[in-house]
Amino acid sequence: MKQVTILFFATLRDMTGERRIMKMIPDDMLIAGLKDVLIEEFPRLKDIINSVIVSMNHEFAFNDAPIPSDAEIALFPPVSGG
């Protein structure tokens, strides 16, 4: 098991009621698995989780990315503009 920090921004912060959480995760967890864990803890994320932008240690991260120990994972809602 390893510890990671998860940061929630904008509407995701409102949906979870959290700004930052620390979580213990399995050593082999990928971003996709973390999203599943977050849906279990915060069911309101279910409809939006596949559209969130994920940053891990200040770089974009995709579902197949492994999560290193002590990672900082930031979640941002989808952005649109024109």
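Going by our numbering, the first residue of the sequence shown is number 13, and it counts up by one from there.
Where is the CB? At the ideal position from N, CA and C, for every residue including glycine.
This structure is a prediction, so every number in the text was calculated from the model and none was measured.
#### Entry: Residues near I51 by beta carbon distance below 7 Å, same chain, minus five either side
L57, K58 and I61
### Message
Quick check on A44: does DSSP put it in helix, strand or coil?
### Response
helix
#### Entry: Within 8 Å, strictly: CB atoms of F74 and I43
yes
### Query
T28 to D39, Cα distance in whole Å?
25 Å
### Query
So is A22 buried or exposed if we call it buried at 16+ other beta carbons inside 10 Å?
exposed
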